[in-house]
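Numbering-wise, the sequence shown is residues 1 to 302 according to UniProt numbering.
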Amino acid sequence: MIELLSNNLPLLAGFVFVLGLLFGSFFNVVIHRLPVILNREWRATASEILKEAHCEVSCPKDEMPEKYTLVTPRSACPKCGHKISAFENVPVLSWLVLRGKCRSCKTGISIRYPFVELLTAVTFAICAWVFGFSWLLLFALLFTSYLIIGSFIDYDHKILPDQLTLPLIWLGLSVFLFIEPLAVQASFAPDLESSVIGALCGYLVLWSIYWLFKIATGKEGMGHGDFKLLAAIGAFVGFKMLPLVIILSTVTGAVLGILAMVINKKGRDYTIPFGPFLAIAGWITLIWGQSLTEYYLNLLAP
């Protein structure tokens, strides 16, 4: 099986596409549950601090079950509590068969669930097509996974948890523990030095912009999680690719931000988290950054 996948690129891409559908289904769970789990941990920490300070104020408990993790309890309809069976949990297909409604109470199920599953499958398949059967594919899939989960959590809650960004930084720096620098392809950082500098520069660029904006306006223009996310992206693609990441994220952020304001009929005070745009730019750079850079340089050449 391994030999067959390693020698047949279309078959590998198809296999990884199906794998992406399955992982995408789990990513939906992580996107929904991780913020709840972290919020519960923060509440517990806050309660301990208040108790030690002898404060009478207490943090209210959430409505989730006492044992609430990424794998337990089973997923259920938030409206009627109907436990979702294996038949109802087949990626994309179940949503289509059920016509986007709960099987029990007919409450609508967000189209975002199949969207995340398809997004994961398509991006996984593209990674397989670009990197083939290799260690680089594994790192690219992990990179993609973190970006998808982090983007949707940031969009929903305007937070990029350290539990996602910090492991992603170390993952980017560890590529060269498994892969010889000369074997690196596409837009991965060419060596460990470039990876380390990319992580440092990625963090410092947004950190500097954050403080300049805050000094000038008295407002916070972005969250600290954005610094760490760009540091993680820099660890993967290296410092030479960071300008492309920043340009792509700024352009996509401006265009999609304006569209969102128009569609939602919001004014200038409407805020959109920057993390998803960094993620889009980082992923595009990892996959096609080298080609985009060469194309741009050819345009500038006399």
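No residue lacks a Cβ here, since even glycine has one placed at the ideal position from N, Cα and C.
Where are the alpha helix (DSSP H) runs, 4 residues long or more, that stay fully inside the region 173-241, in chain order?
175-178, 192-217, 224-237, all fully within the region 173-241.
Would you tell me roughly how many angstroms separate the C-alpha atoms of L297 and L147, rounded to the nearest one?
For this step, residue 297 is matched to residue 297 along the sequence shown. For this step, residue 147 is matched to residue 147 along the sequence shown. Their backbone Cα atoms lie some 28 Å apart in a straight line.
I'd like the span of the alpha helix (DSSP H) that includes C127, first residue to last.
Numbered from 1 along the sequence shown, position 127 holds the residue referred to as residue 127. Run containing C127: 112-131, per the alpha helix (DSSP H) assignment.
On the DSSP bridge assignment, give the partners of G108 in chain order.
The residue given as residue 108 occupies position 108 in the sequence shown. For G108, which the question treats as bridged, DSSP gives the partners K101.
Mind checking whether I111 and V30 have CB atoms under 7 Å apart?
The sequence position of residue 111 within the sequence shown is 111, counting from 1. The sequence position of residue 30 within the sequence shown is 30, counting from 1. Contact: no.
Have a look at I233 and F23 and give me their C-alpha separation to the nearest angstrom.
For this step, residue 233 is matched to residue 233 along the sequence shown. For this step, residue 23 is matched to residue 23 along the sequence shown. Going by the C-alpha atoms only, they are around 21 Å apart.
Based on the DSSP secondary-structure assignment, which residues constitute the bridge partners of A76?
For this step, residue 76 is matched to residue 76 along the sequence shown. In the DSSP output, where bridge partners are listed per residue, A76 has K83.
Hey, would you say T120 sits closer than 7 Å to G20, going by beta carbons?
Stepping through the sequence shown from its first residue, residue 120 is reached at position 120. Stepping through the sequence shown from its first residue, residue 20 is reached at position 20. Cβ distance < 7 Å, so T120 and G20 count as in contact.
Tell me which same chain residues have a C-beta within less than 7 Å of the C-beta of F178, skipping the five on either side of it?
Here the question's residue 178 lines up with position 178 in the sequence shown. Hits under 7 Å: W135.
In this structure, does DSSP put T165 in helix, strand or coil?
Within the sequence shown, the letter at position 165 stands for residue 165. Looking at T165 - three-state DSSP - the assignment turns out to be helix.
Give me, in chain order, the residues of the same chain whose beta-carbon lies closer than 8 Å to that of I169; leave out the 5 immediate sequence neighbours on both sides.
Locating residue 169 in the sequence shown gives position 169, counting from the first residue. Cβ neighbours of I169 beyond the five flanking positions: A199, K228, A231, A232, A235.
Please classify V90: does DSSP put it in a helix, a strand, or coil?
Taking the sequence shown and counting its residues from 1, the one referred to as residue 90 is at position 90. Three-state DSSP puts V90 in coil, outside helix and strand.
Compare the Cα-Cα distances from L102 to each of T165, F124, S75 and report the closest residue.
The count along the sequence shown starts at 1 and reaches residue 102 at position 102. Checking the displayed sequence, the identity of residue 102 turns out to be Cys instead of Leu. It is S75 whose Cα lies nearest to the Cα of C102.
Could you pull out every residue in the same chain whose Cβ sits closer than 8 Å to the Cβ of residue 343, ignoring the five residues on either side in sequence?
This structure does not reach residue 343, given that the chain is present from 1 up to 302, and the question cannot be answered.
Is the beta carbon of V116 closer than 7 Å to that of F27?
Residue 27 sits at position 27 when you count from the first residue of the sequence shown. Residue 116 sits at position 116 when you count from the first residue of the sequence shown. For F27 and V116, yes; Cβs fall inside 7 Å.
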